[in-house]
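Scroll down for the structure; my scribbles are underneath it.
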Amino acid sequence: MEIVRSIVDLRAGVGAWRQAGVKVGLTTTMGALHAGHLSLLDRARAGGAERIVATIFVNPTQFGPGEDFEAYPRDEARDAAMLKEAGCDLLFVPPVDEVYPPGFATEVRVKGLTDVLCGAARPGHFDGVALVVSKLLNQAQADLAVFGEKDWQQLAIIRRMARDLDIPVTILGAPILREPDGLAMSSRNRYLTDHQRNVAAGLHAGLQDVAADLREGRAAEAALRHVADKLVEEGFSSVDYIEARDGATLAPLKGEAAAAPELRVFAAATLGRARLIDNLPVWPDGVGGGADQGARPL
Ligand code: AMP
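When the letters of the sequence shown are read in order and numbered with the working numbering, they come out as residues 1 to 298.
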C-alpha cells in the first residue's frame with residue numbers, strides 16, 4: 001500500500017489504474033479506524049472495485065467552535081497498518097493546506113437536507129462535510145465511493161450533492177457495523193469511560209423500542225418522548241434529538257407509520273465527552289414484514 005500526501009500523486013495513482021481499465025473505489029475517513037471503517041473496503045469490493053483508495057483527513061471545516069477538532073484521535077501509523085491489512089491499495093493523507101490552500105474561498109451547501117437532525121444541532125457541520133467530500137471525490141476521481149449508513153444524513157447529503165454537481169462517481173451506502181451489544185462502532189466511542197460504555201448501548205436499544213412501537217401503531221410523539229426520557233434516566237447527559245423521518249427525503253413522519261415504508265428513526269445523544277448518533281429502519285422487511293433490524297441500503 002502506497003501512502004501519498006499530494007493531490008498530484010493521488011491522481012497519478014488512480015489515473016494509472018483507470019487508464020488500464022481497473023475499477024477504483026474510494027473510502028473517506030477521519031482516521032481513528034475501527035472495523036466499521038474497514039467494512040467500507042469490503043463494500044467497495046462487493047460493488048465492483050478492484051483497487052481501493054482510502055483517505056485520512058480530520059477536516060477542520062466540519063467541526064464547530066468548542067467541538068473536538070484538536071482532541072480528535074490521530075494515529076496514522078496504526079490506521080495505515082489496519083488499512084494495509086484490510087487490502088487498501090493507496091492511502092491519501094493530505095496536510096490541511098493541501099486541501100485548503102491559502103486564499104481558499106469556496107463553499108458547498110446542500111439546502112434542506114442539512115437543516116434537520118444533526119444539522120440543526122451542529123450548524124455548518126454538513127457544509128464542511130459537503131465541501132470536503134466534493135473535493136475528495138474530485139481529487140480522487142474514483143469510479144465509486146462508499147459511505148457508512150451510520151451517518152445516514154451525511155450519506156443522503158452526499159448523494160444529493162454528487163447528483164447536483166454532476167460528479168461522475170457512484171455513491172454506495174454500507175450497513176452499520178455494531179458492537180455485540182448493538183452500539184454502533186464509532187471513533188468517538190473511545191471517549192467513553194467503562195460505565196458510560198455500558199450505558200451507551202441504550203441508544204440502539206431505545207431506537208429498536210421506538211421502531212417496534214411505531215410498527216405496532218403507537219403514536220410517534222409519545223413513543224419518542226418515552227425513549228428520550230428513558231435514555232436520560234439511564235445516564236445520558238442529554239438527547240439532542242430522537243425523531244422518525246423518511247429515509248430518502250428526511251421529511252418528518254406525518255400520519256401513520258404504516259403508510260411510510262422508508263421510515264427510519266434517528267437519534268443523537270451526549271454521554272460524557274462523546275456525542276453518539278444512530279439510526280435504523282422501522283420497516284426493515286417492508287411494511288407488514290418481520291421485525292429483524294438489518295439495515296436496508298439507502
Ligand atoms: P469518520 O471517520 O467517522 O468520518 O467515518 C468515515 C466513514 O466511515 C463514514 O462514511 C462513516 O459513515 C463510516 N462509518 C463510521 N462508523 C461506521 C460503522 N459503525 N459502520 C459503518 N460505517 C461506519
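We put the CB at the ideal spot given by N, CA and C, even for glycine.
Between the C-alpha atoms of residue i and residue j, what's the straight-line distance to the nearest angstrom?
i	j	result
A258	L203	23 Å
R51	E234	45 Å
A130	K111	11 Å
F63	D143	28 Å
T193	V58	23 Å
V99	K135	8 Å
E70	A268	22 Å
P102	V4	21 Å
K84	G217	48 Å
D89	L40	14 Å
A205	G182	7 Å
D68	A121	15 Å
L224	I167	38 Å
Y72	P123	19 Å
Q153	A201	21 Å
M1	D240	40 Å
L280	G87	29 Å
R43	D213	32 Å
L38	L172	15 Å
L155	G148	7 Å
V199	F266	18 Å
R11	R188	31 Å
V282	A251	15 Å
M82	R45	17 Å
A211	G15	45 Å
T249	L276	22 Å
P65	R215	39 Å
A244	G128	25 Å
If you compare alpha carbons, which of the options is closest to residue i?
i	options	result
L177	Q19, L33 and L10	L33
V116	A211, V282, Q141 and I242	I242
D97	G124, P60, A121 and L90	P60
V133	A162, L280, A274 and P175	A162
G48	S187, A219, V282 and T170	T170
K230	Q19, L207, R218 and T249	L207
G255	A200, A220 and V232	A220
T29	P65, A105, L172 and F92	F92
P175	G31, G13, G36 and L10	G36
D9	D164, S187, G31 and T55	T55
A77	G31, A46 and R45	G31
Ordered along the chain, which non-local residues of its own chain (more than five positions away) have a Cβ less than 8 Å from that of residue i?
i	result
D292	Only weak support exists for where D292 lies, its pLDDT of 49 falling under 50; the value from the coordinates is given anyway. P284 and D285, listed in sequence order.
V22	E50 and R51
Q196	G235, L271, G272 and A274
E7	Looking at the sequence itself, residue 7 is Ile, so the reference to Glu does not match. P94, E98 and Q139.
D164	V110
L137	L26, A145, A162, I167 and V169
Excluding sequence positions up to five away, which residues of its chain have a Cβ less than 6 Å from the Cβ of residue i?
i	result
F126	T114, G119 and I157
G247	E262 and R264
Y191	R273 and A274
L26	V53, A140, A142 and A145
V108	A130, L131 and S134
G13	L90
Exposed or buried, which one is residue i when buried takes at least 16 other CB atoms within 10 Å?
i	result
R74	exposed
S238	exposed
D151	buried
P94	buried
Q19	exposed
D79	buried
A105	exposed
L232	Residue identity differs from the one stated: residue 232 is Val in this sequence, not Leu. It counts as exposed.
D278	buried
Taking 7 Å as the limit between beta carbons, can you name the residues of its chain near residue i, skipping five residues before and five after?
i	result
A260	D246 and L253
D209	V227
W17	V24 and R51
E179	M185
A222	none
V287	A258 and P261
Inset, instruction - Could you name the residues whose beta carbon sits closer than 6 Å to any heavy atom belonging to ligand 1, keeping them in chain order? - result: Every residue passing the under-6 Å Cβ criterion appears here: T29, M30, G36, H37, S39, L40, F147, G148, K150, D151, A174, I176, L177, A184, M185, S186 and S187.
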